[in-house]
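Under the working numbering, the residue at position 6 of the sequence shown is numbered 170, and the numbers go up by one with no gaps.
Note that CB positions come from ideal geometry on N, CA and C, so glycine has one too.
This one's a predicted model, so the numbers in the text were calculated from it and none came from an experiment.
To start, the structure under review is shown below, and the notes come after it.
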Amino acid sequence: MLNIVLFGPPGAGKGTQSSLLIDKYNLIHLSTGDILRTEILQGTKLGLEAKSIMDRGELVSDKIVIGMISSKLDNNPNTNGFIFDGFPRTAAQATALDILLKEKGTSISAMLSLKVADDELIRRLLERGKNSGREDDKNESIIANRINEYNNKTAPLKEFYSAQGKLSEIEGIGSVKEIANNLNNVIDNI
Ligand code: B4P
């Protein structure tokens with residue numbers, strides 16, 4: 165199986181690039197952000213719990229997101245592989261993911277980390293916030309909070325995957341096509 169962690173700060177282009185990679189490599193896209201937003205739209209108990217946390221730009225609890233990923237893995241036993249977009253975001257999530265994949269006889273193939281400077285992240289997210297209806301994209305102080313959460317809790321995961329020899333860093337500024345080509349080159353050499 166080909167299991168890719170697509171990594172980077174909020175607004176780095178993970179969602180954008182995932183949609184290209186799933187078509188090219190015939191993978192299943194698991195975006196914890198999208199799954200949570202679907203729960204919010206459906207008004208489920210989990211969605212109600214997650215909404216205020218996400219609107220503040222904080223991270224939803226590990227227990228909730230690990231449970232969500234676990235059931236998605238169980239529901240797709242015969243796939244070529246997965247793109248993990250926005251997951252893992254904490255050390256506990258990364259450890260849980262390794263265990264869940266091991267139980268299925270597979271593992272992470274690579275972490276592809278998109279590098280984008282903070283001023284460009286803020287510009288992209290505010291731009292998306294004009295139309296997306298996402299509360300977390302509308303306000304610069306919430307975006308700053310998301311970037312802080314990333315720097316404190318998520319960025320250290322690069323060390324976790326680097327220690328396993330799986331980290332590749334890719335420039336995330338440029339055209340969507342250029343960045344996609346660079347991601348494809350890394351994946352084709354796995
Ligand atoms: P996510 O949905 O994962 O949102 P994100 O980090 O903002 O990334 P996103 O995929 O939306 O942005 P993208 O880079 O594609 O998380 C939202 C919230 O959910 C979190 O804050 C947290 O509360 C919760 N959550 C999710 N997963 C969790 C977890 N595992 N644990 C705990 N909590 C969790 O795109 C951004 C914009 O840039 C787009 O408008 C796009 O068009 C544009 N763009 C993309 N590529 C570009 C390029 N090359 N040039 C210019 N613009 C570009």
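In angstroms, rounded to a whole number, what distance separates the CA positions of residue i and residue j?
i: H193; j: R288; result: 22 Å
i: S183; j: G177; result: 10 Å
i: D187; j: R298; result: 26 Å
i: S195; j: Q181; result: 12 Å
i: K294; j: S326; result: 37 Å
i: D283; j: L290; result: 11 Å
i: K302; j: R292; result: 8 Å
i: S216; j: L223; result: 10 Å
i: Q206; j: G269; result: 33 Å
i: Q328; j: I343; result: 24 Å
i: S234; j: S305; result: 32 Å
i: E267; j: N244; result: 17 Å
i: I354; j: V169; result: 13 Å
Go ahead and label residue i buried or exposed: buried means 16 or more other beta carbons lie within 10 angstroms of its beta carbon, across all protein chains shown.
i: N167; result: buried
i: V340; result: exposed
i: P320; result: exposed
i: L212; result: exposed
i: I199; result: buried
i: I337; result: exposed
i: T208; result: exposed
i: D352; result: exposed
Between the Cα of residue i and the Cα atoms of the options, which residue gives the shortest distance?
i: N242; options: D262, N190, L200 and T259; result: N190
i: G221; options: P174, A258 and G211; result: P174
i: K330; options: A319, A274 and G336; result: A274
i: M165; options: V229, N240, L205 and G293; result: N240
i: L276; options: E335, L200 and E342; result: E335
i: A281; options: T254, Y314 and Q181; result: Y314
i: I247; options: M218, I228, A255 and G179; result: G179
i: S296; options: R201, V169 and D226; result: R201
i: D226; options: N244, L212, Q206 and P252; result: P252
i: G250; options: T318, E333, Q328 and N353; result: T318
i: M232; options: Q257, F324, S271 and I272; result: Q257
i: K279; options: S332, S271 and I351; result: S332
i: L265; options: D238, K322 and V350; result: D238
i: E323; options: N349, T254, M218 and N309; result: T254
Using a C-beta cutoff of 7 Å, does residue i count as contacting chain C?
i: L347; result: Of the chains in the structure shown, none is chain C; there is only one protein chain.
Give me, in chain order, the residues of the same chain whose beta-carbon lies closer than 6 Å to that of residue i; leave out the 5 immediate sequence neighbours on both sides.
i: L210; result: E203
i: F171; result: M275 and S277
i: K236; result: L194
Tell me whether residue i sits in a helix, a strand or coil according to DSSP, three-state version.
i: M218; result: helix
i: L191; result: coil
i: V224; result: coil
i: G245; result: strand
i: S324; result: At residue 324 the sequence reads Phe, which differs from the Ser that was named. Here F324 sits in helix by DSSP.
i: V340; result: helix
i: S183; result: helix
i: K279; result: strand
For residue i, I'd like the list of residues in its chain whose CB is within less than 8 Å of its CB, leaving aside the five on either flank, ordered along the chain.
i: L285; result: P173, P174, G175, A176, I307 and I311
i: A214; result: L200, E203, I204, V224 and I228
Might you give, ordered along the chain, the residues of its own chain that have their beta carbon closer than 7 Å to the beta carbon of residue i, omitting 5 neighbours on each side?
i: V229; result: T196, F251 and Q257
i: A260; result: I230
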